[in-house]
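**Student:** Just passing along the structure, written as structure tokens.
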Amino acid sequence: MSVLQIVKGCPLFHDLYDAEIMTICESCSVKTLVPDDYIFKKGDEGDEIYLILSGSAIVSKGGIEIAKLRKGDLFGEMVLLKENVRHADIMSDNYTDVLVLKYNDIFGLYQTNPKIFSLLILNLSRLLATRLKGAGSYIEELKIKEFERNKKAA
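This is the structure in structure tokens:
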């Protein structure tokens, strides 16, 4: 699978033409990680978002695994909004290649290509809304389980 195909499959790049995606990718770099390399740690400042091209990575907080990221997964996107401080550790768990997109390159599109910039921001909004909905559902499930446990204990 080519880099273009992987990038096209990422929700951040939906509705962009191949040429527009290639315009974005021209300013990107690829970082190769070996197993147990930290991509970033909780508390680090950063101005990059990442897309896994191959391999996988583990998201953890306090040594507890929260999620596993695989090919096509995007992470670190909160830097595009406001936060530049990382909220979790992310470490490769095997040989992993990530596409690195810098904040300044993405926001530079506002001047050079407002159409691409607008689509990226729209897609980012949709992506974050989906994640927020998923988090809300997860919290709801936890509350129901807690209620049921308390009901049984009473």
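In my numbering, the protein residues as written are 1 to 154.
Even glycine gets a Cβ: it sits at the ideal position worked out from N, Cα and C.
1. Terminal residues of the continuous beta strand (DSSP E) containing Arg70?
2. From the DSSP output, read off the bridge partner residues of Thr32.
3. On the DSSP bridge assignment, give the partners of Glu20 in chain order.
4. DSSP three-state label for Ala88, please.
5. Which residue marks the beginning of the beta strand (DSSP E) containing Ser60, and which one marks its end?
6. Under the rule that 16 or more other beta-carbon atoms within 10 Å means buried, what is Leu142, buried or exposed?
7. So the candidates are Leu101, Gly108, Leu122 and Leu53; which of them puts its Cα closest to the Cα of Leu4?
8. Tell me whether Tyr110 is buried or exposed, calling it buried when 16 or more other Cβ atoms sit within 10 Å of its Cβ.
9. When the Cα atoms are used, what is the spatial distance from Val59 to Asp47?
10. Whether or not the segment 112-123 and the segment 8-19 are in contact is what I'm after, with contact meaning three or more pairs of Cβ atoms, one per stretch, closer than 8 Å; do they touch?
11. Within the same chain, show all residues whose beta-carbon is closer than 6 Å to that of Asp105, passing over the 5 residues directly before and after it, in chain order.
12. Apply the 10 Å Cβ neighbour rule to Ser92 and answer buried if 16 or more other Cβ atoms are within range, or exposed otherwise.
**Tutor:** Put simply:
1. Ile64 to Arg70
2. Asp97
3. For Glu20, which the question treats as bridged, DSSP gives no partner whatsoever.
4. coil
5. Ser56 to Lys61
6. exposed
7. Leu53
8. exposed
9. 18 Å
10. yes
11. Ser27
12. buried
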